[in-house]
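In this note's numbering, the protein residues as written are 2 to 588. Yeah, the Cβ is synthetic: ideal placement off N, Cα and C, and Gly gets one too. Being a predicted model, the structure only gives us computed values, none of them experimental. Have a look at the structure below before the remarks.
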């Protein structure tokens, strides 16, 4: 009775049935072939019309069982569940009946065939029907009942009690073994499923921990970066400037490490989002290199960018890089930044060269007609990578000997991004330094992108800063006043609503994680206020893709992540503020 209770449907029965159906569906072609062969063997001993009818009934009952199993929940659908069990019982009964009729034939070959055919169905029941035990037990019960009745009829008709006893014992032993094997397989499936559930729970817990850790660390980082940048603006002492710059750079490095860890977690969970848009690949590459030019120059290194049209294996020259293509420019910048940062870390003299080319030959492509492959080679004159470390550079948290500070995730993240964009990142042999080849799939398009909008002065606006942490308010307010805005502060959602009613601001900077009235609740009440649309820009330490999607769908106009910098704040609010001065050309 205890074993029967263990097999009764529980809270996880629906998941077991779904897994059972998936397994049966995956092996269904092989099962249909083997079943057809089994019935063909039966036709050697039984009338063909009878065998064909039995085969049709068997297939129809199995199809009915599959249909009943789809989306089945035994707790809420007991009648359907019992019907599914009955379908399994009748399917095995129809098959076993044919085996018994073959057994009745007075030839040694018939009995050997019947024993083999019955063993085949017992093996099938103990393996592919073992995930949800009631289905497997129903099938074994049908096979046992029909086989025992047929065996008894055969031997009792011949008045051979010893033959009946010996054959029945052998049959029951085979069935007992099948049930034991079924129970073992069922326990194995449960253990695998349990491990999967525990692994998923551990991954979710890890993700929550990393997100919370990132959120908590970004709050003090905002203060460090903010006060450091403010001091840099006002101090005249070269020594103080150097110390403040080191402080700000170190804080931003820590923020970058946090980003890398969160992105690696997203990659492990297959949740790294891609946002392909029509963009200019050449401009994205040139802009990224331009950001690194002063950094390389400061280190006494050169950084070169070359666009080439190499000859393809078929003899053609590769085409020019398309002016406009469909790809994710943010991810391309991220990959290039990681590669250039890596080159900078390991190069002390000389510099690095980026060679960009494009291939439209179909042998390079995986994304169908119309796509091409962007190839970027990054070659530096540094120390190179020792032979014994070449297999480790793409492993998470691995850094070569003598590596500078960092998470050791940059190359691993870049390779994962490249592979998600149907390309790759690989290390190639080189006589000097290290050579990395980045390939990405891009799709040329003929969309004309709009010209950059003129930069408009937005100084002199009134901005409300809402954050429960005084340090965060101080940093944002200091930045805003430096830009020429007037600032009002609120330490929570209720105070923010009162401030808006008293004097309507031109823009609200709103922290989304606050005690009491949360940022989302505050936003909803702001949107319910009468009057014209009030721009609200989120200011949060949540850098996850899911968080960004949630907040944008809630109705914020913009999204700023901590730690804030002067430039990120300036760009983040400029598009949402009304013009406060004359237009100036866009830089």
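{"Item": "Sub-9 Å separation of residue 131 and residue 176 beta-carbons", "Value": "no"}
{"Item": "Per DSSP, the bridge partner or partners of residue 445", "Value": "326"}
{"Item": "Exposure label - residue 278; buried when at least 16 CB within 10 Å", "Value": "exposed"}
{"Item": "Residue environment, residue 593, which counts as buried when at least 16 other CB atoms sit within 10 Å", "Value": "Nothing about residue 593 can be reported from this structure: the residues present for the chain run from 2 to 588 only."}
{"Item": "Identity of the residue in 352, 430 and 343 nearest residue 415 by Cα", "Value": "343"}
{"Item": "Closest Cα partner of residue 358 within the set 377, 54 and 96", "Value": "377"}
{"Item": "As assigned by DSSP and simplified to three states, the class of residue 429", "Value": "strand"}
{"Item": "Simplified DSSP state of residue 366, which is helix, strand or coil", "Value": "Note that residue 366 scores 47 on pLDDT, short of 50, meaning its location in the model is unreliable and no value can be drawn from it."}
{"Item": "The segment 494 to 502 touching the segment 236 to 253, judged by at least three CB pairs closer than 8 Å", "Value": "no"}
{"Item": "Beta-bridge partners of residue 305, as assigned by DSSP", "Value": "354"}
{"Item": "Separation of residue 440 from residue 426, as counted between CA atoms", "Value": "6 Å"}
{"Item": "N-terminal and C-terminal residue of the beta strand (DSSP E) that residue 464 is part of", "Value": "463 to 467"}
{"Item": "Range covered by the beta strand (DSSP E) that runs through residue 373", "Value": "373 to 381"}
{"Item": "Test item: CB-CB of residue 510 and residue 465 under 9 Å", "Value": "yes"}
{"Item": "Three or more C-beta pairs below 8 Å linking the segment 41 to 55 and the segment 88 to 108", "Value": "yes"}
{"Item": "Under the three-state DSSP convention, the category residue 312 falls into", "Value": "strand"}
{"Item": "Other residues of its chain near residue 280: CB distance less than 6 Å, five sequence neighbours each side excluded", "Value": "330"}
{"Item": "Assigned secondary structure, residue 76 (DSSP; H/G/I helix, E/B strand, else coil)", "Value": "coil"}
{"Item": "Same chain, Cβ closer than 6 Å to residue 384, neighbours up to 5 away in sequence not counted", "Value": "347"}
{"Item": "Closest Cα partner of residue 478 within the set 521, 326 and 224", "Value": "224"}
{"Item": "Separation of residue 30 from residue 94, as counted between CA atoms", "Value": "21 Å"}
{"Item": "Option nearest residue 437 by Cα separation, candidates 63, 380 and 126", "Value": "380"}
{"Item": "Beta carbon proximity, residue 116 to chain C, threshold 9 Å", "Value": "No chain C is part of this structure, which consists of one protein chain only."}
{"Item": "Closest Cα partner of residue 300 within the set 236, 351, 232 and 374", "Value": "351"}
{"Item": "Coarse secondary structure for residue 512, derived from DSSP in three states", "Value": "strand"}
{"Item": "Close beta carbons around residue 500, own chain, < 8 Å, minus the five adjacent residues each side", "Value": "465, 489, 491 and 506"}
{"Item": "Nearest-angstrom Cα separation, counted from residue 576 out to residue 455", "Value": "Only weak support exists for where residue 455 lies, its pLDDT of 49 falling under 50; the coordinates are left without a value."}
{"Item": "Touching by the beta-carbon criterion (3+ pairs, under 8 Å), the segment 79 to 92 and the segment 59 to 69", "Value": "yes"}
{"Item": "Paired residues, beta bridge with residue 360 - DSSP", "Value": "374"}
{"Item": "Local Cβ density within 10 Å of residue 115, reported as buried at 16 or more and exposed below that", "Value": "buried"}
{"Item": "Span separating the alpha-carbon of residue 395 from that of residue 16", "Value": "37 Å"}
{"Item": "Neighbour-count burial assignment, residue 108, 16 or more Cβ in a 10 Å radius", "Value": "exposed"}
{"Item": "Buried or exposed by the 16-neighbour rule on C-beta atoms within 10 Å, applied to residue 222", "Value": "buried"}
{"Item": "Close Cβ partners of residue 538 (< 8 Å) along its chain, the five nearest in sequence each way excluded", "Value": "508, 509, 510, 511, 557, 558, 559, 560, 561, 573, 574 and 577"}
{"Item": "Beta strand (DSSP E) segments (min. 3 residues) lying fully within the segment 86 to 114", "Value": "none"}
{"Item": "Pick from 111, 332, 345 and 160 that is closest to residue 303, judged by C-alpha positions", "Value": "345"}
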